[in-house]
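Asker: Structure provided below as structure tokens; questions to follow.
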Amino acid sequence: MDATFPALMIRDEVAGSRRVQLTRLAADELGEGDVEVAVHYSALNYKDALGITGSGRVLRNSPLVGGIDAAGEVVTAPAASGLRPGDAVLVNGCGLGERHHGGFAARIRVPAGWVVPLPAGMDPRSAMILGTAGFTAALVLQRLRDNHQTPQMGPVVVTGASGGVGSLTVRLLTAQGFEVVAVSAKPALHDWIRSLGAVKVLDRRGLPLGWRPLESARWAGAVDTLGGETLAWLTRTVAERGNIVAVGLAGGADLRTTVMPFILRGVALLGVSADHHPQEDRCAVWRRLDGDWAIPGLEQILSEEIALGEVPAASHRMLAGETHGRILVDVNR
Ligand SMILES: NC(=O)c1ccc[n+]([C@@H]2O[C@H](COP(=O)([O-])OP(=O)(O)OC[C@H]3O[C@@H](n4cnc5c(N)ncnc54)[C@H](OP(=O)(O)O)[C@@H]3O)[C@@H](O)[C@H]2O)c1
């Protein structure tokens with residue numbers, strides 16, 4: 518019997534086509550941890566694409582198996598963990614695919630404290646259509662709610678709406694009763710974004726961004742996956758006591774704005790990070806994604822299902838803005 522497992526290994530110090538290689542790992546090469554998981558699905562996230570292509574400093578170890586998301590079933594676990602062989606589980610964040618061999622492999626070994634039992638209504642496939650993007654959308658909703666954003670205050674604008682986090686956030690916020698205005702640079706997908714629940718889709722490329730410290734207030738709140746000039750525009754256009762949740766940097770990491778929106782309109786700029794949450798909190802968020810925060814119509818948000826060997830090419834397409842929705846990775850195909 519072959520006791521090795523396919524894995525997508527990234528060598529950070531190597532450029533070009535040799536940077537990423539489909540290889541096989543033996544059980545004693547899976548890294549530290551007390552729980553072994555047979556991975557069924559992973560997913561491709563923006564951070565994965567940065568690591569695979571070497572476009573951003575994502576990898577903290579090299580060589581490393583990529584993939585910040587994984588879902589499958591427990592193979593072995595210590596009795597004290599409460600996990601049993603065959604249990605359906607997921608792992609997201611916690612350094613997976615950044616410091617520790619990640620989900621682009623048929624087998625992972627991780628500390629028990631990273632493992633989230635799948636809620637009853639999810640299987641590894643639906644969990645990975647959500648993945649880090651769905652988890653982040655839930656954190657966005659939590660942040661908005663905690664800071665008193667309500668649907669009654671008016672529309673919330675979501676940027677990068679065709680992306681994984683963007684599309685799932687549109688879907689989740691509309692399912693929770695918020696009126697969502699989406700911003701996307703892909704006119705061909707505007708109908709698709711409307712079908713997710715957005716009342717209106719604006720073309721990012723034609724937006725009058727303005728320049729004054731305060732422009733006319735247009736939204737009661739905002740969720741931004743782009744950063745840079747788009748986030749600066751949102752600070753100028755969110756109404757009194759509105760919340761802006763900064764999620765990503767697909768358009769740039771800088772932020773040039775003034776204090777005016779914060780001191781004259783009482784706007785709040787909030788952050789979310791999917792990475793570092795105690796296990797109890799991560800489990801609670803995943804349970805809500807299977808409960809009152811369930812995101813309907815997940816198959817509609819799934820755009821591609823790819824094999825491990827197709828991850829590098831898909832990563833380049835993602836960073837070129839040529840993908841949309843969620844990309845599922847079938848690690849056993
Ligand atoms: N804070 C956290 O914990 C957390 C968690 C997950 C993701 N993120 C971040 O959130 C962002 C989105 O992640 P994702 O996985 O959803 O990625 P994604 O699926 O690639 O979505 C990104 C979207 O941004 C837009 N975009 C792409 N390239 C762009 C560019 N050069 N300039 C302006 N807009 C561009 C596109 O939307 P349109 O064409 O529709 O405009 C694209 O669909 C990334 O920066 C990621 O690192 C953060």
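For the sequence shown, this note's numbering assigns the number 518 to the initial residue and increments by one for each residue that follows. Ideal Cβ placement from N, Cα and C applies to all residues, glycine included.
May I ask you to check if the CB of D792 is nearer than 7 Å to at least one heavy atom of ligand 1?
Answerer: True, at least one ligand heavy atom lies under 7 Å from that Cβ.
Asker: In the DSSP assignment, find the unbroken beta strand (DSSP E) run with G619 in it and report its ends.
Answerer: Looking at the DSSP string, G619 is not in any beta strand (DSSP E), and its letter there is neither H nor E.
Asker: Using only CA atoms, which one of W728, W736, F695 and D586 lies nearest to R843?
Answerer: Of the candidates W728, W736, F695 and D586, the one whose C-alpha sits nearest the C-alpha of R843 is D586.
Asker: Is T570 near ligand 1, going by C-beta to nearest heavy atom under 7 Å?
Answerer: No, since every heavy atom of ligand 1 falls outside the 7 Å radius drawn around the Cβ of T570.
Asker: First and last residue of the alpha helix (DSSP H) that includes V632?
Answerer: Neither: V632 is in no alpha helix (DSSP H) and is coded neither H nor E.
Asker: I need the straight-line Cα distance from A830 to I823, nearest angstrom please.
Answerer: Rounded to the nearest angstrom, the two C-alpha atoms are 10 Å apart.
Asker: CA-CA distance, Q538 and G648?
Answerer: Their backbone Cα atoms lie some 23 Å apart in a straight line.
Asker: Is the stretch 612-624 in contact with the stretch 653-664, if contact means three or more CB pairs nearer than 8 Å?
Answerer: They do not touch, by the three-pair rule.
Asker: Locate the beta strand (DSSP E) running through S598, then write down its first and last residues.
Answerer: Looking at the DSSP string, S598 is not in any beta strand (DSSP E), and its letter there is neither H nor E.
Asker: With distances taken from CA atoms, which of E590, K717, K703 and T747 is nearest P636?
Answerer: Nearest of E590, K717, K703 and T747 to P636, Cα basis: E590.
Asker: Indicate, with yes or no, if ligand 1 has a heavy atom lying under 7 Å from the CB of Y558.
Answerer: It does not: the Cβ of Y558 is nowhere closer than 7 Å to a heavy atom of ligand 1.
Asker: So the candidates are R662, G738 and G723; which of them puts its Cα closest to the Cα of V698?
Answerer: The shortest Cα separation from V698 among R662, G738 and G723 belongs to G738.
Asker: Out of G680, S701 and I710, which one is the CA nearest neighbour of T691?
Answerer: Ranking the options by Cα distance to T691, first place goes to I710.
Asker: Can you tell me where the beta strand (DSSP E) holding D758 begins and where it ends?
Answerer: Reading the sequence as shown, one finds Arg at residue 758 and not Asp. Unbroken beta strand (DSSP E) run through R758: V755 to A763.
Asker: Check the DSSP bridge columns for P523 and list the partner residues they point to.
Answerer: Paired residues: R541.
Asker: Can you tell me whether I585 is helix, strand or coil according to DSSP?
Answerer: Correct three-state label for I585: coil.
Asker: When every heavy atom of ligand 2 is checked, does at least one fall within less than 7 Å of the C-beta of N609?
Answerer: Absence of ligand 2 from the depicted structure is noted, with ligand 1 being the only ligands included.
Asker: Contact between the stretch 598-607 and the stretch 620-636 is defined here as three or more beta-carbon pairs at a separation below 8 Å; is this criterion met?
Answerer: Yes, they touch.
Asker: With a threshold of 6 Å on Cβ separation, who are the neighbours of A543 within its own chain once the five nearest residues in sequence on each side are excluded?
Answerer: Once the five neighbours on either side are set aside, the close Cβ partners of A543 are T521.
Asker: Between A811, G568 and E757, which lies nearest to S733 when the distance is taken from Cα to Cα?
Answerer: Among A811, G568 and E757, the Cα nearest to that of S733 is on E757.
Asker: Would you say the beta carbon of M835 is closer than 7 Å to some non-hydrogen atom of ligand 1?
Answerer: Yes, since a heavy atom of ligand 1 falls inside the 7 Å radius drawn around the Cβ of M835.
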